[in-house]
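Before any comments, here is the structure.
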Amino acid sequence: MNEINPNSTNMNKIITYTLSWCPHCKELKDYLSEENIEYEDIDVENNEDAAEDIIEKTGQDGFPIILINEEVLIGFDKKKLNKILKDD
Numbered sequence: 001m002n003e004i005n006p007n008s009t010n011m012n013k014i015i016t017y018t019l020s021w022c023p024h025c026k027e028l029k030d031y032l033s034e035e036n037i038e039y040e041d042i043d044v045e046n047n048e049d050a051a052e053d054i055i056e057k058t059g060q061d062g063f064p065i066i067l068i069n070e071e072v073l074i075g076f077d078k079k080k081l082n083k084i085l086k087d088d
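At position 76 of the sequence shown the residue is numbered 76 (my numbering), and the sequence of numbers has no breaks.
Now the structure itself:
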């Protein structure tokens, strides 16, 4: 398995769209924090405009939604997330 290098010079812009009560959202944020991966979290419960925008953009209303350099991941899939974040 390829390891994520948090010190990589290849910086990914990661934005997560989450809900406070969502167990998968918590898993995602815990994982990113444990791996020392910087991300911006948008709590869609408290930001209705952001919720509407991301739902319109993705066609999805399930959370978490993750944007990595404009690539969209729906849900917390550690394998897919690692594949995008790993160094080549």
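Every residue gets a Cβ at the ideal spot worked out from N, C-alpha and C, and that includes glycine.
Residue i - containing beta strand (DSSP E), residue span
| i | result |
| --- | --- |
| Y17 | 14–18 |
| I66 | 65–68 |
| I74 | 71–74 |
Same chain, Cβ closer than 6 Å to residue i, neighbours up to 5 away in sequence not counted
| i | result |
| --- | --- |
| I14 | Y39, I68 |
C-beta contact flag for residue i and residue j at 8 Å
| i | j | result |
| --- | --- | --- |
| I84 | E71 | yes |
| K26 | D41 | no |
| G75 | H24 | yes |
| I65 | I54 | yes |
| K79 | Y31 | no |
Contacts around residue i, its chain only, beta-carbon distance under 8 Å, and the 5 residues preceding and following it disregarded
| i | result |
| --- | --- |
| D57 | According to the sequence displayed, residue 57 carries Lys and not Asp. Answer for K57: V72, listed in chain order. |
| E34 | none |
| S20 | D43, E45 |
Spatial neighbours of residue i in its chain, beta-carbon cut-off 7 Å, leaving aside the 5 residues before and after
| i | result |
| --- | --- |
| N12 | I68, N69, L85 |
Strand pairing of residue i, partner residues [DSSP]
| i | result |
| --- | --- |
| V44 | According to DSSP, V44 bridges with nothing at all. |
Where the alpha helix (DSSP H) through residue i begins and ends
| i | result |
| --- | --- |
| E27 | 23–34 |
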